[in-house]
Ligand SMILES: Nc1nc2c(ncn2[C@@H]2O[C@H](COP(=O)(O)OP(=O)(O)O)[C@@H](O)[C@H]2O)c(=O)[nH]1
Ligand SMILES: [Mg+2]
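Chains as they are written, first to last, in the working numbering: chain A, 8 to 423; chain B, 54 to 364.
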């Protein structure tokens, strides 16, 4: 059974909670005690319907204000796959939460109310999914029951979305007409829309092809930890533990260690269960090398003929996540793969309007929830790939040097 | 049904869901070992901490786990669990620290709740925080999962705690990709939840695949119980039936392991991992909803306890 992570986004009242509630309920991931608790609270508040949003809005403040503030993770499984949903709020003031939810997603589900069509939030959600390079976009046109299951409404929205998406970097877009409330095309194909030739939403989630989304070409092993057991039987054991973040490694492969640039071969790839014949993302393994060379945490193991970019001057798209604005000249701590370095902001090329994609080249700051293109210089070279090639070796976070909070997230671009 | 057993690889270069979440958990545990000075792993003897311990073992094999294991001992334990704890720790050669709630009470740091059958659930927080201070722990591994409870569904893998050990749910650090930010000042610490993304079913499938040993009370057995607030509590030295509450024998098992005073049993004949997987898959109640009085106090019981520094 495979794992699929997906993020959801939609404007208020598009039916996101109803849809998630239905997916969870139909796959038996909502339990009776949870449902009873939600029914009890709905009743106390005088609602005349059971508010399934109370299932995901877990914090006191969220329930009091009746809004989703933070990313909530939900889980369900069918016989085909296990699903992890990152349920994110849709308002512009929660852009950072959407960025967070999308960062690990294989698929983003965007909801559109069939009566309203594409609105500002739809464009923002689609843009953020493309910025975070979520490989699959699923556009659900909901409340089809309120437009008489009319194919023309569906076709018009699809055409408008496709025109807009052509400006974005999205490769796989699927449209499904649904009624979250009545269940049309959610789990099974709907008899009300015989003009629709595609699969149900759940079937799409179960079958969308994700095996080729990972990078199996550029072999990358950032070293997390060096294993040197203090036991006589393992006296000479020296293993480099880490998670494979790209490509495939096999025993006997010629490899290079950065930053030293020394080359050797893979002696074995060990796991608790014993050695393995190959290692690929996202396996956590321990690599032993044929030669005794100096390797420590923060180093990168790759192939001599396929090295990551090595550089101290970085170009990146940054999403700012804290109240204190980002300015040119600021110093920050930056974490990339398994190393922390200091960074200084050299330039802010432009701020991007996440609704219109307009570039404001006169901008001098990035404030909370804003996205912009930034130039940074770091104290030591990073070993990275452009984010569009590898989401793991192409991403970083920024932390405030004083408060230590996570202040920003960045996606690396090819250097100038 | 598919119990997830069998092949770890589902296609070419594709891990099964259990092996993907396992790999992610190993990655988290290694990050913590590398970036913190004094991590500790909380071990209750319950199934989630058994899994955490197995994953920690895998993360550093063939080396040993490079941090100690700590049990917050309320003194109201199931004897089967304590016996199991000691056996596990001895097998792994890990260092065990036992932090005792009784000692916190005796030294005046904590006060026993009044009334009959006092629960020491809430008192664990004081003992835990005191131990973190005493040993200068800067990272504390916990086995909480997001599918357990709605406040936990919102918590980060790296959950920042201030100098009072408090969790501030409205001020959590964004957590992106698998880039964890464990930076903190002296006196502050991070709670780390490496199995956040595991569900109860994942846990049981993994126990089955790995052939992990568990305290016997997880499996069906006969014991004397009584019914209180719709829950089956075991009679024993710390809880006794009052008034109308009648003692009877039942065939039960436990879905979670907590204090004898607040952990309820479920009627079950499931005596093997496979039986339990089928039972969990068909269950219509969450494990906490079914069996934990501590979460029933109010809508936000867990959130409130977590803010104070609870697990
Ligand atoms: N008629 C109809 N109503 C829907 C549908 N989906 C959701 N709704 C209703 O739209 C309202 C808002 O839905 P909700 O799920 O709370 O939206 P959210 O704000 O996106 O989470 C509720 O009254 C739902 O019952 C649908 O497919 N058809
Ligand atoms: Mg909602």
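All C-beta atoms, glycine included, are put in the ideal place defined by N, C-alpha and C.
- One thing to note: residue 342 of chain A has its Cβ no nearer than 8 Å to the Cβ of residue 412 of chain A.
- Fully enclosed alpha helix (DSSP H) runs of no fewer than 4 residues occupy 158–172 of the region 129–181 of chain A, in order along the chain.
- Annotated three-state conformation of residue 220 of chain B is coil, per DSSP.
- Collapsing the DSSP output to three states places residue 44 of chain A in a helix.
- Around the beta carbon of residue 191 of chain A, a 10 Å sphere encloses 16 or more other beta carbons of the protein chains shown; the residue is thus reported as buried.
- Distance between residue 318 of chain A and residue 422 of chain A, taken at the CA atoms: about 8 Å.
- Here DSSP, grouped into helix, strand and coil, assigns residue 118 of chain B to coil.
- With respect to chain A, the C-beta atom of residue 102 of chain B has no partner C-beta closer than 8 Å.
- In the pairwise beta carbon analysis, the region 373–381 of chain A is classified as touching the region 321–328 of chain A: at least three pairs are separated by under 8 Å.
- As a beta-bridge residue in DSSP terms, residue 152 of chain B pairs with B:125.
- Per DSSP, the continuous beta strand (DSSP E) segment holding residue 381 of chain A begins and ends at 378–391.
- At a cut-off of 8 Å, the C-beta of residue 50 of chain A has no neighbouring C-beta in chain B.
- Comparing alpha carbon positions, the residue from A:132, A:248 and A:371 closest to residue 144 of chain A is A:132.
- The distance from the Cβ of residue 106 of chain B to that of residue 96 of chain B is about 6 Å, consistent with a contact at the 8 Å cut-off.
- For residue 248 of chain A, the chain B residues whose Cβ falls inside 8 Å of its Cβ are 83, 112 and 113, in order along the chain.
- By the criterion of a C-beta distance shorter than 6 Å, residue 257 of chain B is surrounded in its chain by 329, 330 and 333, once the five residues flanking it on both sides are discounted.
- Per DSSP, residue 237 of chain A has no beta-bridge partner at all.
- If you look at residue 96 of chain A, you'll find it isn't in any beta strand (DSSP E); DSSP assigns it neither H nor E.
- With its beta carbon at least 8 Å from every one in chain A, residue 121 of chain B lies outside the interface.
- Within its own chain, the residues whose Cβ lies closer than 7 Å to the Cβ of residue 86 of chain B, once the five positions on either side in sequence are excluded, are 92, 119 and 120, listed in chain order.
- Remark: the shortest separation between the CB of residue 21 of chain A and any heavy atom of ligand 1 falls under 7 Å.
- The C-beta distance from residue 229 of chain A to residue 111 of chain A rounds to 17 Å, too long to fall under 8 Å, and the pair is not in contact.
- Straight through space, the alpha carbons of residue 399 of chain A and residue 231 of chain B are spaced by roughly 8 Å.
- Chain B has no Cβ within less than 8 Å of the Cβ of residue 197 of chain A.
- Relative to the non-hydrogen atoms of ligand 1, the Cβ of residue 25 of chain A comes within a distance shorter than 7 Å of at least one.
- One thing to note: residue 339 of chain A has its Cβ within 8 Å of the Cβ of residue 414 of chain A.
- In this structure, residue 314 of chain A places its C-beta atom within 8 Å of the C-beta atom of residue 263 of chain A.
- Residues of chain A whose Cβ lies closer than 9 Å to the Cβ of residue 252 of chain B are, in chain order, 36, 82, 83, 84 and 89.
- Taking a Cβ-Cβ threshold of 7 Å, none of the residues of chain B is close to residue 358 of chain A; the smallest such distance is about 19 Å.
- Taking a C-beta distance under 8 Å as the contact criterion, residue 289 of chain A and residue 73 of chain B qualify as a contact pair.
- Separation of the CB atoms of residue 140 of chain A and residue 395 of chain A is rounded to 6 Å, and the pair is thereby assigned contact status at 8 Å.
- Listed in chain order, the alpha helix (DSSP H) runs fully inside the region 250–288 of chain B are 253–263, counting runs of at least 4 residues.
- Assigned with DSSP and collapsed to three states, residue 132 of chain B falls in helix.
- For the region 163–196 of chain A, the set of positions with a beta-carbon nearer than 7 Å to some beta-carbon of chain B is empty.
- With respect to the 8 Å criterion, residue 168 of chain A and residue 361 of chain A are not classified as neighbours on the basis of their beta carbons.
- Within the region 108–126 of chain A, the residues whose Cβ lies closer than 7 Å to some Cβ of chain B are 110 and 111, listed in chain order.
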